[in-house]
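Asks: To convert, count from 1 in the sequence shown and add 6; that's our numbering.
Cβ coordinates follow ideal geometry from the N, Cα and C atoms, glycine included.
Fair warning: this is a prediction, and the values are worked out from it, not measured in the lab.
Can you keep this structure in mind? I'll have questions shortly.
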Amino acid sequence: MRLIVNGAATDVVGPTVADLLATCLNDARPHGIAVAVNGEVVCRSDWPRWALAEADTVEIVTAVQGG
């Protein structure tokens, strides 16, 4: 399926947020990030079961410390 991830078209095989993270980051439960699908923040505990659909827009944001 094709998604828009951080503004770029991305092909993924798995149907969930966790599968997407495994594809993009090589880790299904990475620390220090937040995920939003179509503008809705997805709780970390929901990543393994949050189903993605063709053409969803996903934002993966990394927490950065500093000032």
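Leaving out five residues on either side along the sequence, give the residues of the same chain with a beta carbon under 6 Å from the beta carbon of residue 53.
Replies: The residues are 23, 24.
Asks: What is the DSSP secondary structure of residue 17, reduced to helix, strand or coil?
Replies: Of the three classes helix, strand and coil, the one that applies to residue 17 here is strand, per DSSP.
Asks: Pick out whichever of 20, 14, 69 has its Cα sitting closest to the Cα of residue 41.
Replies: When each option's Cα is compared against that of residue 41, the closest is 69.
Asks: Give the DSSP bridge partners of residue 65, in chain order.
Replies: In DSSP, residue 65 forms a bridge with 42.
Asks: Would you decide whether residue 47 is buried or exposed? Buried here means 16 or more other CB atoms lie within 10 Å of its CB.
Replies: Result: exposed.
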